[in-house]
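Engineer: Before I ask anything, let me first share the structure, which is written out below as C-alpha cells.
There are 2 protein chains.
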Amino acid sequence: MGVNAPIGVFDSGVGGLTVAREIMRQLPDERMVYFGDTARLPYGTKSKETVIRFSRQIVRFLKTKNVKAIVVACNTATAQALEELRKESDIPVIGVIDAAARVASTVTRNDRIGVVGTTGTIESGMYTRVLKEYNPRVQVYGKACPLLVSLVEEGWLHDPVTEEVISRYLKDLEYKSIDTLILGCTHYPLLRSAFRKVAGEDVTLVNPAYEVAVELKEILDEKKLSCDGEVDQAGKKYEFFVSDAAEKFCDFANSILPYDIERVQQINIEDFD
Amino acid sequence: MGVNAPIGVFDSGVGGLTVAREIMRQLPDERMVYFGDTARLPYGTKSKETVIRFSRQIVRFLKTKNVKAIVVACNTATAQALEELRKESDIPVIGVIDAAARVASTVTRNDRIGVVGTTGTIESGMYTRVLKEYNPRVQVYGKACPLLVSLVEEGWLHDPVTEEVISRYLKDLEYKSIDTLILGCTHYPLLRSAFRKVAGEDVTLVNPAYEVAVELKEILDEKKLSCDGEVDQAGKKYEFFVSDAAEKFCDFANSILPYDIERVQQINIEDFD
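Chains A and L supply the protein sequences, listed in that same order. Its first residue numbered 1, the first sequence is counted upward by one per residue in our numbering. Its first residue numbered 1001, the second sequence is counted upward by one per residue in our numbering.
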C-alpha cells in the first residue's frame, strides 16, 4: 500500500456522501472507496455493541481494497465505534466528531454549544466529551432529531414542514442561548439553509463533513501519505459499494455529488464478519 | 408440536406489536413468541432479496421455539417474502396483506381503494395484486409515506405536524375519490385518529393488524390448531426477542401492549443464516 492507495470512507448509508463530497472538493487528487451499509441503516437507533460489530465488518472489507486511511463518515459509528476501530487498526482512522468539536470549541464566544444529531449520537455524549477536552469551560446542549434523516431522504429540503420540525427541535436549545450549533449528522448539511433560517444569523453552524476533510488533509500531509498525483485514475478514481439497493443509492448520490457515478457494486457485508 | 405450541409473530421492529396486541385481544388463550429485528430495521427501504434473506433467518429462529404458525406482522416482509416463506414452510404462514385486502375489496362502494405504506410495500404492488384477485374491478392507488414511521417512533401521534404530513401524503389520493383506505404499515394504526381527521368520515379505514388476527383465528380453527386452554402459562405465555436494543423495545412495547412486559431477550439473528 503506497501514497496512491485510496482513502476508505464509510457510512450507514447515503449521509456520508456529504463527507465524500467534501473530500472530493478539498483533496481532488485522492482516490476513494466508499461503502454505504444500506442493508442495515440507520445506525442511530442501534446499540453500541451492534454498531461496533457492523463497523468492524466494514473496516475488514475496506482493507481488502488496500486503503491507506479510513474516514468514519457517520456520526453514530464515530461516537460508538471509533475508539475500538483505532485500537485495532494500523492505518489512520478518522471520525467526523473530532475536527468539528475542535472548530466549535474555538469559534464559540459564550462557551454555549448546541449539538443536533441522531438519538445514538446524542445519547453517546461523545460530542460533549470531545468538546470539553478542547475547552473545559463549554456548556454543551445536545438534541436528538430523529425525523430529520427521513425528511432529507424524502427530499423535503426547503419545506415549511421541515422548518417547523427543526424549529420544534431547536426550541430547547434556544432557551440555552447557544451561539454555535454543530450539525452532528451527515444528512444535516443538506438542511443547512433550513437550519440557518430557523437558528438565525447569530448562531455559527459547524459542518463536520467540511471539517473532517480538512483534518484528513492535515493527517495525510503529516504522515506523508498524500497522493503524489501519478496514479492512473482512468475510471477507478472513485469506487462505491453498498450492502443493498444499489440503484436507489445511485439516485441519491447523483443528486449530491458533483458528478454522476456510473456504477455502484452491491456486496454481502456479513461475509466480512 | 401440539395445539398448545405458541404462535410466532415477527416484524422488522416494534410496528408488529400492533398485530401482537390484536392477537392478544382476539385470541386471549394463545401463547406467542414475538421477534423484532431491531438491529436491521427498517425493512421498507431494502431490496426484495435482502428482505427474503432476513425473513428466512427469522423463520429459522422461530422454528427453534416450536411455533405452530407464523404471522408476518410486517407489510414489507409480507409483500417481499411471504410467497417464498410459504413455499419453504410446513406450518401456516400468514401475512398482514391478504385479510386486509379481502375486507377492503368488500367494503368499498365505488371500487376505488387507497393504500398507504412504506416505499417497499407500495413499490412491490402486492396490495394491488391481491386486491384485484378479490375484486378485479377495483382501482388501487398506492402512496408511500416514509415519514410516518419516524413520526410514530417520535411519539407525535396527535400533532399538527403529523396531520400536515398525512394531509400532504393523502392529497394525491383525495383527487382519486377513494372511499376506502388501507393503513398498510403496522405503525399506522397508532395514527388512526390523525388519519381519520385528515381523511374525513366518509373514507373507511382498514386496519391490517385487526384483520390478520381475525384470519389467524379462522385458520387455527380450520386446521384444528387452536389452543385447548390446558397449557401451563405461568410466565411463559408471551416471549419477546429482538436483535438489538432490548430496552428501547421494552419502552415502546409497554406503551402499546395492554400489560407491561418483564423481559425482552436479545439474540444474534445472523446466527440463523
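The C-beta atom is built at its ideal place from N, Cα and C for all residues, glycine as well. Bear in mind that the values here come from a model prediction, so they are computed numbers and not experimental data.
Looking at the structure shown, is ARG1102 of chain L part of a helix, part of a strand, or coil, going by DSSP?
Structural biologist: Reduced to three states, the DSSP call for ARG1102 of chain L is helix.
Engineer: Determine the chain A residues that contact PRO1028 of chain L at a beta-carbon separation under 8 angstroms, and present them in chain order.
Structural biologist: Within chain A, no residue comes near PRO1028 of chain L; the closest Cβ sits about 32 angstroms away, beyond 8 angstroms.
Engineer: Tell me which residue opens and which closes the beta strand (DSSP E) that TYR1238 of chain L is part of.
Structural biologist: Looking at the DSSP string, the run of the beta strand (DSSP E) that includes TYR1238 of chain L is 1238–1242.
Engineer: So with CB distances below 8 angstroms, who are the chain L contacts of ARG40 of chain A?
Structural biologist: Here the neighbours are ALA1039 and ARG1040.
Engineer: Sort out for me which residues DSSP pairs LYS65 of chain A with in a bridge.
Structural biologist: According to DSSP, which records beta bridges pairwise, LYS65 of chain A is partnered with nothing at all.
Engineer: Are the C-beta atoms of VAL1072 of chain L and some chain A residue less than 8 angstroms apart?
Structural biologist: Cβ-Cβ to chain A under 8 angstroms: no for VAL1072 of chain L.
Engineer: Spatial neighbours of ILE182 of chain A within its chain, please: CB distance less than 6 angstroms, with the 5 preceding and 5 following residues excluded, ordered by chain position.
Structural biologist: Cβ neighbours of ILE182 of chain A beyond the five flanking positions: ALA100, ALA104, VAL115 and VAL206.
Engineer: Starting from LYS1046 of chain L, find everything on chain A with Cβ-Cβ shorter than 8 angstroms and list it in chain order.
Structural biologist: In chain order: THR38, ALA39, ASP244 and ALA245.
Engineer: Would you decide whether LYS171 of chain A is buried or exposed? Buried here means 16 or more other CB atoms lie within 10 Å of its CB.
Structural biologist: Burial call: exposed.
Engineer: Anything in the stretch 119–130 of chain A with a Cβ closer than 7 angstroms to a Cβ of chain L? List those residues in chain order, please.
Structural biologist: Of all residues in the stretch 119–130 of chain A, none has a Cβ within less than 7 angstroms of some Cβ in chain L.
Engineer: What are the residues of the stretch 97–121 of chain A that lie near chain L, defined by any Cβ-Cβ distance shorter than 7 angstroms?
Structural biologist: Answer set for the stretch 97–121 of chain A: empty.
Engineer: What does the Cβ neighbour count give for GLN1229 of chain L, buried or exposed, with the cut at 16 atoms within 10 Å?
Structural biologist: Residue identity check: residue 1229 of chain L is Gly in the sequence provided, not Gln. So GLY1229 of chain L ends up on the exposed side.
Engineer: Between MET1001 of chain L and ALA1020 of chain L, is the Cβ-Cβ spacing less than 8 angstroms?
Structural biologist: Contact: no.
Engineer: Pair every Cβ in the stretch 1122–1137 of chain L with every Cβ in the stretch 1236–1247 of chain L, then say whether three or more of these pairs are closer than 8 angstroms.
Structural biologist: Flag = no, the stretch 1122–1137 of chain L and the stretch 1236–1247 of chain L do not touch.
Engineer: Just reading off the alpha helix (DSSP H) that LEU1257 of chain L is part of, what are its end residues?
Structural biologist: Looking at the DSSP string, LEU1257 of chain L is not in any alpha helix (DSSP H), and its letter there is neither H nor E.
Engineer: Just how far apart, CA to CA, sit GLN1149 of chain L and THR1050 of chain L?
Structural biologist: Just to set this straight, residue 1149 of chain L is Val in the shown sequence, not Gln. The straight-line gap from Cα to Cα measures roughly 20 angstroms.
Engineer: How would you call LYS224 of chain A, buried or exposed, if buried means at least 16 neighbouring beta carbons within 10 angstroms?
Structural biologist: Exposed: under 16 other Cβ atoms inside 10 Å.
Engineer: Should ILE219 of chain A and ALA69 of chain A be called a contact, given that it needs their Cβ atoms to be closer than 8 angstroms?
Structural biologist: For ILE219 of chain A and ALA69 of chain A, yes; Cβs fall inside 8 angstroms.
Engineer: Run through the stretch 1096–1146 of chain L for me and flag every whole alpha helix (DSSP H) of 4 or more residues, listed as ranges in chain order.
Structural biologist: Runs found: 1096–1107, 1119–1124 and 1126–1134.
Engineer: Straight-line CA distance for ASP179 of chain A to ASP111 of chain A?
Structural biologist: When rounded, the distance between both Cα atoms is 8 angstroms.
Engineer: Which residue comes first and which comes last in the alpha helix (DSSP H) that contains ILE91 of chain A?
Structural biologist: It is not in any alpha helix (DSSP H) - ILE91 of chain A carries neither H nor E in the DSSP assignment.
Engineer: Between the stretch 1161–1171 of chain L and the stretch 1189–1203 of chain L, do three or more beta carbon pairs fall short of 8 angstroms?
Structural biologist: The stretch 1161–1171 of chain L vs the stretch 1189–1203 of chain L: in contact.
Engineer: Nearest to GLU1174 of chain L by CA position, among L:ASP1202, L:LEU1257 and L:LEU1147, is which residue?
Structural biologist: For GLU1174 of chain L, the nearest C-alpha among the options comes from L:ASP1202.
Engineer: Can you confirm whether SER150 of chain A, when its beta carbon is compared against all beta carbons of chain L, has any partner nearer than 8 angstroms?
Structural biologist: Answer yes: the Cβ-Cβ gap between SER150 of chain A and chain L drops below 8 angstroms somewhere.
Engineer: By Cβ distance, which residues of its chain are closer than 8 angstroms to ALA1209 of chain L, with the 5 residues on each side in sequence left out?
Structural biologist: Counting only Cβ-Cβ distances below 8 angstroms, and skipping sequence neighbours, we find THR1018, VAL1019, ARG1021, GLU1022, ALA1073, VAL1096, THR1186 and PRO1189.
Engineer: For PHE61 of chain A, which residues from the same chain have a beta carbon less than 8 angstroms from its beta carbon, with the 5 sequence-adjacent residues on both sides left out?
Structural biologist: Here the set comprises PHE35, PHE241, ILE267, ILE269 and PHE272.
Engineer: Could one say the Cβ of THR1050 of chain L lies closer than 8 angstroms to chain A's Cβ atoms, at least one of them?
Structural biologist: Yes, because at least one Cβ of chain A sits closer than 8 angstroms to the Cβ of THR1050 of chain L.
Engineer: For LEU1173 of chain L, report the span of its alpha helix (DSSP H) as first-last.
Structural biologist: First-last of the alpha helix (DSSP H) with LEU1173 of chain L: 1160–1174.
Engineer: Can you tell me where the alpha helix (DSSP H) holding LEU1220 of chain L begins and where it ends?
Structural biologist: Start and end: 1208–1222.
Engineer: Let's test the definition: count the other Cβ atoms within 10 Å of the Cβ of GLN57 of chain A and tell me whether it reaches 16, buried, or not, exposed.
Structural biologist: Under this definition GLN57 of chain A is a buried residue.
Engineer: Which residue or residues does DSSP assign as beta-bridge partners of VAL264 of chain A?
Structural biologist: VAL264 of chain A pairs with A:PHE240.
Engineer: Should GLY44 of chain A and THR76 of chain A be called a contact, given that it needs their Cβ atoms to be closer than 8 angstroms?
Structural biologist: Yes; because the gap between Cβ atoms is below 8 angstroms, this pair is in contact.
Engineer: Does DSSP put MET32 of chain A in a helix, in a strand, or in coil?
Structural biologist: Strand, per DSSP.
Engineer: Alpha carbon to alpha carbon, how far is GLU1084 of chain L from ALA245 of chain A?
Structural biologist: Between GLU1084 of chain L and ALA245 of chain A, the C-alpha separation is close to 20 angstroms.
Engineer: With C-beta atoms as the reference, is VAL165 of chain A less than 8 angstroms away from VAL1161 of chain L?
Structural biologist: Yes, they are a contact pair.
Engineer: Using the beta-carbon of each residue, which ones in chain A are nearer than 9 angstroms to VAL1019 of chain L?
Structural biologist: Correct list: empty, because the minimum Cβ distance to chain A is about 21 angstroms.
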